[in-house]
Amino acid sequence: MKTLVLHGFAGTPKPFARFFPGVEAPDLPGHGSAHDAISWEDALARLELDGPVALFGYSMGARLALALALRHPAAVTRLILESGTAGIEDAEERARRKTDDDALADFIEREGMEKFVDRWERHPTLASLRPFAAQLRPERLAHRPGGLASALRHLGAGAQPSHWRELGGLRVPVRLICGARDEKFCALARRMLDMFPRAELISIPDCGHAPHVERPQAFVEALR
264 MKTLVLHGFA
274 GTPKPFARFF
284 PGVEAPDLPG
294 HGSAHDAISW
304 EDALARLELD
314 GPVALFGYSM
324 GARLALALAL
334 RHPAAVTRLI
344 LESGTAGIED
354 AEERARRKTD
364 DDALADFIER
374 EGMEKFVDRW
384 ERHPTLASLR
394 PFAAQLRPER
404 LAHRPGGLAS
414 ALRHLGAGAQ
424 PSHWRELGGL
434 RVPVRLICGA
444 RDEKFCALAR
454 RMLDMFPRAE
464 LISIPDCGHA
474 PHVERPQAFV
484 EALR
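Numbered as in this note's numbering, the sequence shown ends at 487 without a single skipped number.
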């Protein structure tokens, strides 16, 4: 069965190779060797599915994976979302997030990757990843400032539409994975669990936003 793996913002497919050997795992727009992000719709179009396919996404990649599954439900056999969300439902909150994302994109272009990574490592959502900063830093620094800025502007949570009202119509099996210390995304996962017709939630203890980094063996178990 074909599997498509979508990484998170400022990440690469490389950390997922150990969990999904030999699968398709592209650089997302604005990352690595990929073209700059143009729009949310363009990113989805470039990830068109030829099915049947199992979809996995982490964080930003989870948002894209969910949108793909909603767009091509007949092509998706299984959906696994790690630290994902269906978007920002409130329009005003979404607009504020877009403003914040655009400001951070401007910062990246103005200050460069070193200063961005220094700032990103202090992000509250990523607090549990600080012990892994040395491991993750080269991966983050490998990106182009203009590329990451484009991803923030066009693929950030402020740029995507809310999909909450569509979840009840997705009939494929969904597995939601979150780190128990990541209260925000575990709450989002519980809400999605209540809305998907066929879903299960695995909350992994003693980790936060990136269980695949923080507790890799427990993450392997969660995939089974």
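Glycine included, every Cβ here is placed at the ideal spot set by N, Cα and C.
Would you give the residue range spanned by the alpha helix (DSSP H) that Gly456 belongs to? Just to set this straight, residue 456 is Leu in the shown sequence, not Gly. Taken as a continuous stretch (DSSP letters only), the alpha helix (DSSP H) holding Leu456 covers Glu446 to Met458.
Quick one: what's got a C-beta closer than 8 Å to His335's C-beta in the same chain, skipping five residues either side? Glu311, Leu312 and Gly314, listed in sequence order.
Thinking Leu411 and Gly293 are a contact (beta carbons under 8 Å), I'd like their distance in whole angstroms, please. Right, their Cβ atoms sit about 6 Å apart.
DSSP three-state call for Leu312: helix, strand or coil? In the structure shown, Leu312 falls within a coil segment according to DSSP collapsed to helix, strand and coil.
Going by the beta-carbon positions, is the gap between Gly350 and Gln423 smaller than 7 Å? In this structure, Gln423 lies closer than 7 Å to Gly350 by Cβ.
DSSP state of Arg433 mapped onto helix, strand, coil: The residue you asked about is not Arg; residue 433 is Leu in the sequence shown. Residue state, collapsed to three classes: coil.
Whole angstroms is fine: what's the gap from Leu399's alpha carbon to Phe379's? Approximately 13 Å between the Cα atoms of the pair.
Give the DSSP bridge partners of Leu486, in chain order. Within the DSSP secondary-structure output, Leu486 pairs in no beta bridge.
Run the CB neighbour count on Pro474, radius 10 Å, all protein chains shown included, and call it buried at 16 or more, exposed below. Buried, by the Cβ-count rule.
Give me the Cα-Cα distance between Asp445 and Pro278, rounded to the nearest whole angstrom. Across the structure, Asp445 and Pro278 are spaced so that their CA atoms are roughly 20 Å apart.
Excluding sequence positions up to five away, which residues of its chain have a Cβ less than 6 Å from the Cβ of Thr388? Contacts found: His472.
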